[in-house]
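**Q** So that we are looking at the same thing, I have put the structure below in C-alpha cells.
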Amino acid sequence: MASPLRLLLLPLLLSCIVLLSHQVKCDGVDEEDSLLQGINTYRTATLNLMALTKNANAECLADEIAEQFKNQPCTNTTGSNTVPGTEPNFPDYPKLLAKCHLNVSNTRDGVIMPACVPSLVPSLVLTNFTKSQYSDKLNDTKFTGIGIGSEDNWIVVVLTTSTPEGSFVTAQSSPDAQDSTGSASKISLVPYLLFLLMGFIFHL
Ligand SMILES: *[C@@H]1O[C@H](CO)[C@@H](O)[C@H](O)[C@H]1NC(C)=O
Ligand SMILES: *[C@@H]1O[C@H](CO)[C@@H](O)[C@H](O)[C@H]1NC(C)=O
Ligand SMILES: *[C@@H]1O[C@H](CO)[C@@H](O)[C@H](O)[C@H]1NC(C)=O
Ligand SMILES: *[C@@H]1O[C@H](CO)[C@@H](O)[C@H](O)[C@H]1NC(C)=O
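Read in order, the letters of the sequence shown are residues -26 to -1, 1 to 178 in mature numbering (1 follows the signal peptide of the UniProt record, and there is no 0).
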C-alpha cells in the first residue's frame, strides 16, 4: 500500500541525484582541472619546467576575480586579448584579498590572468594561456604555485611564487588553512545526503 507513494518519490529522488551531482560539477570544475592538467603538461613537456602546485588561497582569489568578470561579454579586448597596461582594476580588490585571507604583501609578486572563452571550450581555454601574452608567465621559473577559478565564460589563473611576496600564504598565520579541505568536504557531503534521502524514502 505504500508503493504508490514510493513511486511518486522515485522521480524526486532521481532528480535530487541529478541536481546534487550537477552541484558538485558546477562552477566549471571540470574545465579548471583540464586547464591545470594542460598547463602542467605544457610546463613539463614543452618548457622543461617543474609542474605548478595547487595553492588554495590563489584558487580562492581566482574564484573571486572570475565572479567580478562573469557578466562581461568576451571581446577581442578582454581576457587574454587585453592590451597590457589596460587591465581592469577592481575597486574592492583589497576586500577580495581579505576574503581569501590574503593581503597585498603576500600577493604582490603573483600574477592574475583572466581569459574569456565562450562555453570554456578546453582546447581554446588552454591556448588562451599558452599562446597569448600569458605564455611568458607560464615560462617563468619564479612561479611555483597555481589557483584556477571560473564563472560562466570566464576562467582565471593566479600564479604564486615561493617568495614571501608571492606566496599567497594565509595572512592570519594558520598554515593548515592552506590545503583544500573546503572542496573535499563539499564532495563528500553528497553521498551522505543521498544516504539520508534513501533512508527517508525507504522508511515510508
Ligand atoms: C576588434 O574587433 C573590432 C570589431 O569587431 C575591430 O574593429 C577591431 O579591429 C578588433 N581589434 C583587434 C585588436 O583585433
Ligand atoms: C582565446 O579564446 C577566444 C575565444 O574567446 C578565441 O577566439 C581565441 O582564438 C583564443 N585565443 C588563443 C590564443 O587561443
Ligand atoms: C622559455 O624561456 C626560455 C628561457 O628564457 C627560452 O629560451 C625559451 O625560448 C622560452 N620558451 C618559450 C616557448 O617561450
Ligand atoms: C599582511 O599579512 C602579513 C602576515 O600576516 C602581515 O605581516 C602584514 O603586516 C600584512 N600587511 C598588510 C598590508 O596588511
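Note that CB positions come from ideal geometry on N, CA and C, so glycine has one too.
Name the DSSP bridge partner or partners of GLY119?
**A** THR27, THR134
**Q** Could you compute how far the alpha carbon of ASP83 sits from the alpha carbon of VAL132?
**A** 11 Å
**Q** CA-CA distance, ASN50 and THR81?
**A** 28 Å
**Q** Return the bridge partner residues of ILE86 from the DSSP annotation.
**A** VAL132
**Q** With a cut-off of 8 Å, do at least 3 Cβ pairs link the segment 52 to 60 to the segment 6 to 20?
**A** no
**Q** So, helix, strand or coil for GLU5, using DSSP?
**A** Reduced to three states, the DSSP call for GLU5 is helix.
**Q** For ligand 2, is there any heavy atom lying closer than 8 Å to the beta carbon of THR51?
**A** Distances between the C-beta of THR51 and the heavy atoms of ligand 2 are all 8 Å or more.
**Q** Can you find a C-beta in chain D that's less than 9 Å from the C-beta of ARG82?
**A** No chain D appears in this structure, which consists of one protein chain only.
**Q** Distance check for GLY121 and CYS34, CA to CA, integer angstroms please.
**A** GLY121 has its alpha-carbon roughly 7 Å from the corresponding atom of CYS34.
**Q** Using the beta-carbon count (16 or more within 10 Å), is residue 179 buried or exposed?
**A** This structure gives no information on residue 179, because the portion of the chain shown stretches from -26 to 178.
**Q** Which stretch, first to last residue, makes up the alpha helix (DSSP H) that contains LEU21?
**A** Looking at the DSSP string, LEU21 is not in any alpha helix (DSSP H), and its letter there is neither H nor E.
**Q** In whole angstroms, give me the CA-to-CA distance for SER147 and LYS28.
**A** Its pLDDT being 48, under 50, SER147 is placed unreliably in this model, and the value from its coordinates should be taken loosely. Approximately 19 Å between the Cα atoms of the pair.
**Q** Quick one: what does DSSP say GLU125 is sitting in, helix, strand or coil?
**A** strand
**Q** Please report the Cβ distance between GLY123 and THR134, rounded to the nearest whole angstrom; I am assuming they are in contact, meaning their Cβ atoms lie under 8 Å.
**A** Contact flag wrong, Cβ pair sits at about 14 Å.
**Q** Closer than 7 Å by C-beta to PRO58: which residues in its own chain qualify, once you throw out the five before and the five after it? Chain order, please.
**A** GLN107
**Q** Whole angstroms is fine: what's the gap from PRO138's alpha carbon to ASN22's?
**A** 25 Å
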